[in-house]
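Heads up: the structure comes next, in structure tokens.
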Amino acid sequence: MIDPLVHARGLHKVFGELIAVDGIDFEVRPGEAFGFLGPNGAGKSSTMKMIGAVSPRTGGSLSVLGRDPDELGQEIRARLGVIPQEDNLDLELTVYENLLIYGRYFGMSRKVINERIDELLVFAQLDERRNSRVEPLSGGMKRRLTIARGLINTPELLLLDEPTTGLDPQARHLLWDRLYRLKQEGVTLIITTHYMDEAEQLCDRLVIMDKGQIVAEGSPRELIEQHSRREVLELRFPVGTQQEYATKLKGMAARTEVLPDRVLLYTDDADRTADEIHGAGITAESTVSRRSTLEDVFLRLTGRTLVD
Amino acid sequence: MALVHSGRVVEASARVYRRTWRGSVISTFFNPVLYLLGMGVSLGRLVDEGTGSAALDIPYLTFLAPGLLAATAMMTGAGDASWPVMAGIKWRKTYDAILSTPVTVRELVMGHLAWVGVRLLFVTVVYSGVMTVFGATTVLEGALAIPPAILTGLGFAAIVTAYTARLKNELGLSSLFRFGVMPLFLFSGTFFPISQLPSWIQPIAYATPLYHGVSLCRGLALGVEFEVNPAVSVAYLVALLAVGTILAARLMRRRLIA
Ligand SMILES: Nc1ncnc2c1ncn2[C@@H]1O[C@H](COP(=O)(O)OP(=O)(O)O)[C@@H](O)[C@H]1O
Ligand SMILES: [Mg+2]
């Protein structure tokens, strides 16, 4: 079996009184896209910073590229690409200059950097913006530049902390496409996200994090199969009556979940369940049937929604 | 390796400066000229014709110019170690970007201070030239005053970097300038000999780092006797730089490596 690129056992991170990461175990294998899915405050960024060898762990063991970040942080960072949650580009500089100075931090020669920049600008679809200042660029362009910058040293492992948060749908799809290409080129990706669609699109395997702990692990499909039913029927009832209706609906589906504004029924065949409910004389204000997603898995495991 | 990494930080800062120098050119170059014109020439005429001449025994402009050289270096050093550092830490988070590469916190801090050193070299060379044009010093003596001015600026840059590394927001920066840097600027023997101060304040003035920078610059630029033993002044400023650098590296690590 190939050694994992990242290997964590009982990994802990404590800030003063606050336990940000509470003893997590995971492994990331070469070539895979591995995800941390969880709501804000779950401890995803804290975990990424420990993997990125910029934040020392409080406890547990961690190996990145076969090294201990506490001892060989510099060597590890030389071989990583890091895309932080917030863009931290030099806004006064041009697109080209941002890439150039970053390459220089990795000790690359100008010649090698320039060749690499040519490739990366095409990859990030920024070649026409090469000499533009960064400040006025759109959010999506800045994000792509941050990703290109993270790739300047041809890293073996790319850490992406919420790569598409705050972007419009079009910009997100473009980014997903670029990340998908990287994956096909064999770059190992670690991605954090609180979007279940992003996790489903990009991740071969993921862990669901909540309050510093891992609550489930698997491929998106496995997680849905293990923790949810195939389909979901969403029923909306008049405000304040969701609980009352949920009681009436008991037994009509494998599981019911009551949210403030709707009732979710987990079932293998949403249309049939809808017919049965109708037959029992219960009418909802609106009815939506859909496939189960990681959001449903998260709800099942934690009792809360991912994005509120 | 450490030197190479710090050198890269200098390189990057120079690039940013190339794009932004216009914004700082007024405070860097025109302010000293304005001070020399406004205070040195105009106020100087009053002083020289009045009772001031007895206390100084040199023209006021000549007295003022080297002091302003040291004070300008302090302003530059403190300025470059405040808002730009806060931007790196908090507003732009560019320091986080740098620390994701093989560059370490210590190398970052050393590179930052080295860059401030380069800036101080520009500023003091230009200023020393202006002094010469105003007839306050000769080319050679003006050049001699440059190293102590840079040392003064660097000492301030180091200690102010350490201070900024602990700040949560920019309020602390305005207080620093209002209650720290400005009083030093006014009362460290730049504009008048500290013997003019009330006797109980004089020991405080002696203890300020700027006073030692002023004493060194004035002694060298004018070829007059130093107000304080120059060895003491150099030792003081070197100590300020050393302690400031160590503190800056330590506090910056505490701030950036959570
Ligand atoms: N530098 C820090 N100092 C103190 N608390 C922190 C720090 N970084 C993160 N935290 C806290 O740790 C918890 C987890 O944060 P984070 O790892 O950023 O979660 P996520 O990325 O999943 O939103 C949060 O409660 C956050 O406020
Ligand atoms: Mg986060």
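Sequence order for the protein chains is A and B.
Take the first sequence: its position 47, counting from 1, is numbered 46 in numbering that gives the first Met the number 0, and each next residue is one higher.
Take the second sequence: its position 165, counting from 1, is numbered 164 in numbering that gives the first Met the number 0, and each next residue is one higher.
Backbone N, C-alpha and C fix where the C-beta goes; we use that ideal spot for every residue, glycine too.
What did DSSP end up calling residue i once you bin it into helix, strand or coil?
i      : result
A:L79  : strand
A:A7   : strand
A:I116 : helix
A:T191 : strand
A:I281 : coil
A:M208 : strand
A:S60  : strand
A:L150 : coil
B:T71  : helix
B:F186 : helix
A:K12  : strand
B:T244 : helix
A:S137 : coil
A:F35  : strand
B:A156 : helix
B:G49  : coil
Cutting at 6 Å between CB atoms, please list the residues of its own chain near residue i, excluding the five before and the five after it.
i      : result
A:V186 : L157
A:R289 : V231
B:F218 : First, the residue type needs correcting, since residue 218 of chain B is Gly and not Phe in the sequence shown. Cβ neighbours of B:G218 beyond the five flanking positions: F225.
A:Q84  : S44, D160 and E161
B:R165 : L250
Using beta carbons (cut-off 9 Å, strictly below), is residue i in contact with chain B?
i      : result
A:K48  : yes
A:D203 : no
A:E74  : yes
A:N152 : yes
A:R132 : yes
A:V27  : no
A:R148 : yes
A:A41  : no
A:S285 : no
A:L79  : yes
A:G138 : no
Leaving aside the five residues before and after residue i along the sequence, list all residues of the same chain whose C-beta is less than 7 Å from its C-beta, in chain order.
i      : result
B:R252 : V104
B:S127 : L68, G141, A142, A144 and I145
B:T61  : A135 and L221
A:K247 : I281
A:A52  : V63, P68, G72, I75 and R76
B:F28  : V125
A:G59  : A7, R8, G9, L10, H11 and G22
B:R118 : T75 and D79
A:A273 : L232, T286 and S288
B:Y34  : L67
A:D268 : E230
B:T19  : none
Apart from the five residues just before and just after residue i, which ones in its own chain have a Cβ nearer than 8 Å to its Cβ?
i      : result
B:V223 : I57 and R217
A:D24  : A7, R8, G9, L10 and I213
A:D270 : S288
A:P219 : A198, E199, C202, L205 and L293
Does the beta carbon of residue i sit closer than 9 Å to a beta carbon anywhere in chain A?
i      : result
B:P147 : no
B:P101 : yes
B:A11  : yes
B:D95  : yes
B:R258 : With chain B covering only 0 through 257, there is no way to say anything about residue 258 of chain B.
B:L2   : no
B:K167 : no
Given that residue i touches chain D, what residues does it touch there, using C-beta distances under 8 Å?
i    : result
A:V5 : Note that chain D does not occur in the displayed structure, where the protein chains are A and B.
Nearest CA to the CA of residue i: which residue from the options?
i      : options                           : result
A:I189 : A:M195, A:Q183 and A:L205         : A:L205
A:G149 : B:P192, B:S99, B:T244 and B:S23   : B:S99
A:E259 : A:K182, A:D268, A:G42 and A:R303  : Residue 259 of chain A is actually Pro in this sequence, not Glu. The residue with the shortest Cα to Cα distance from A:P259 is A:R303.
A:P38  : A:E70, A:E91, A:A198 and A:K182   : A:A198
B:G110 : B:V8, B:S198 and B:L239           : B:V8
A:T240 : A:L92, A:E284, A:D86 and A:P29    : A:E284
B:L258 : B:D95, B:V132, B:V122 and B:F121  : Outside the displayed range of chain B (0 to 257) lies residue 258 of chain B, so it cannot be described from this structure.
B:R14  : A:V20, A:I18 and A:V94            : A:V94
A:E224 : A:T192, A:T292 and A:A279         : A:T292
B:Y205 : B:L215, B:M0, B:S187 and B:A161   : B:S187
A:G278 : A:D295, A:L263, A:M251 and A:L264 : A:M251
B:T123 : B:A238, B:A1, B:F184 and B:G152   : B:G152
A:E216 : A:V81, A:F297 and A:E127          : A:F297
Which residues, in chain order, does the segment 229–257 of chain B contribute to contact with chain A at a C-beta distance below 9 Å?
L255, I256 and A257
Under 9 Å (Cβ pairs) to chain B, residues found in the segment 83–94 of chain A:
P83, E85, D86, N87, L88, D89, L90, E91, L92 and T93
Residues of the segment 14–28 of chain B with a CB closer than 8 Å to any CB of chain A: list them in chain order, please.
R14, V15, R18 and T19
Determine which residues of the segment 98–132 of chain A have a Cβ less than 9 Å from any Cβ of chain B, and write them out in chain order.
L99, I100, Y101, R103, Y104, F105, G106 and R132
Please output, in chain order, the residues near ligand 4 using a CB cut-off of less than 6 Å to any non-hydrogen atom of the ligand.
Ligands present in the displayed structure are limited to ligand 1 and ligand 2, and ligand 4 is not among them.
When Cβ atoms are compared, which residues of the segment 209–224 of chain A fall closer than 8 Å to chain B?
So the list is empty, because no residue satisfies the distance condition.
Mind checking the segment 80–92 of chain B against chain A and listing, in chain order, the residues whose C-beta falls within less than 8 Å of any C-beta there?
From the segment 80–92 of chain B, only R91 and K92 have a Cβ closer than 8 Å to chain A.
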